[in-house]
Amino acid sequence: MKPDPERSRYPHCIVWTPIPVLTWLFPFIGHMGICTSSGVIRDFAGPYYVSEDCMAFGKPVKYWQLDPSLICAGGSNPWDTAVHEASEEYKHRMHNLCCDNCHSHVAMALNLMKYNNTSWNMVKLCILCLVYSRYVSFGAFLKTWVPFILLAGAVVTLVLTLHLR
Numbered sequence: 000m001k002p003d004p005e006r007s008r009y010p011h012c013i014v015w016t017p018i019p020v021l022t023w024l025f026p027f028i029g030h031m032g033i034c035t036s037s038g039v040i041r042d043f044a045g046p047y048y049v050s051e052d053c054m055a056f057g058k059p060v061k062y063w064q065l066d067p068s069l070i071c072a073g074g075s076n077p078w079d080t081a082v083h084e085a086s087e088e089y090k091h092r093m094h095n096l097c098c099d100n101c102h103s104h105v106a107m108a109l110n111l112m113k114y115n116n117t118s119w120n121m122v123k124l125c126i127l128c129l130v131y132s133r134y135v136s137f138g139a140f141l142k143t144w145v146p147f148i149l150l151a152g153a154v155v156t157l158v159l160t161l162h163l164r
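One point on numbering: in numbering that gives the first Met the number 0, the residue at position 37 of the sequence shown is 36, and numbering is uninterrupted.
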């Protein structure tokens, strides 16, 4: 199956959406979820809560489709099993913005399925998602970058105005 942004279905994908204010300041930081093989989004949305098909900060603006043939775990459906097990675990965890967050939830799912036979963590996911993900539309690209560009432009204008006095 291919990603279908119209229906918000992203099979075997990691999805990403901006977090207001935080992403405006640091456009590479946002909210992340992982999708089942049928494209249903699961994201660690807050303390003791993993949402299904309703991301905490809105619909995905970027997705990174992974190759299910790179799963090294056994079982009848290792992708969905790993996503389910990680989600069940995170339903019992406190959310921590810096240490145990949505990126950690996705990393746990990838580690459980032994994706690409490597170890996953939130920093690695952030970097690889930045490099390999695709925007769902040009509007999604603008939603991510326009606030940052406007803020950066305002700061540069202010600095130049104060410096030239």
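Heads up, the beta-carbon is just placed ideally off N, CA and C, and yes, glycines get one too. None of the values given here were measured: they were computed from a predicted structure.
Where residue i falls: helix, strand or coil (DSSP)
| i | result |
| --- | --- |
| residue 1 | coil |
| residue 52 | coil |
| residue 98 | coil |
| residue 71 | coil |
| residue 144 | helix |
| residue 83 | helix |
Buried or exposed (CB count within 10 angstroms, at least 16 for buried), residue i
| i | result |
| --- | --- |
| residue 19 | exposed |
| residue 43 | buried |
| residue 245 | Here the chain covers residues 0 to 164 and nothing more, so residue 245 does not appear. |
| residue 31 | buried |
| residue 91 | exposed |
| residue 131 | exposed |
| residue 143 | buried |
| residue 109 | buried |
| residue 1 | exposed |
Cross-strand partners of residue i (DSSP beta bridge)
| i | result |
| --- | --- |
| residue 12 | 64 |
| residue 42 | 50 |
| residue 17 | 29 |
| residue 133 | 62 |
| residue 34 | 40 |
| residue 114 | 70 |
Cα-Cα separation, residue i to residue j
| i | j | result |
| --- | --- | --- |
| residue 105 | residue 118 | 12 Å |
| residue 54 | residue 162 | 43 Å |
| residue 3 | residue 9 | 6 Å |
| residue 51 | residue 83 | 11 Å |
| residue 81 | residue 98 | 21 Å |
Chain D contact for residue i (CB, 8 Å cutoff)
| i | result |
| --- | --- |
| residue 150 | The question asks about chain D, but that chain is absent: this structure has only one protein chain. |
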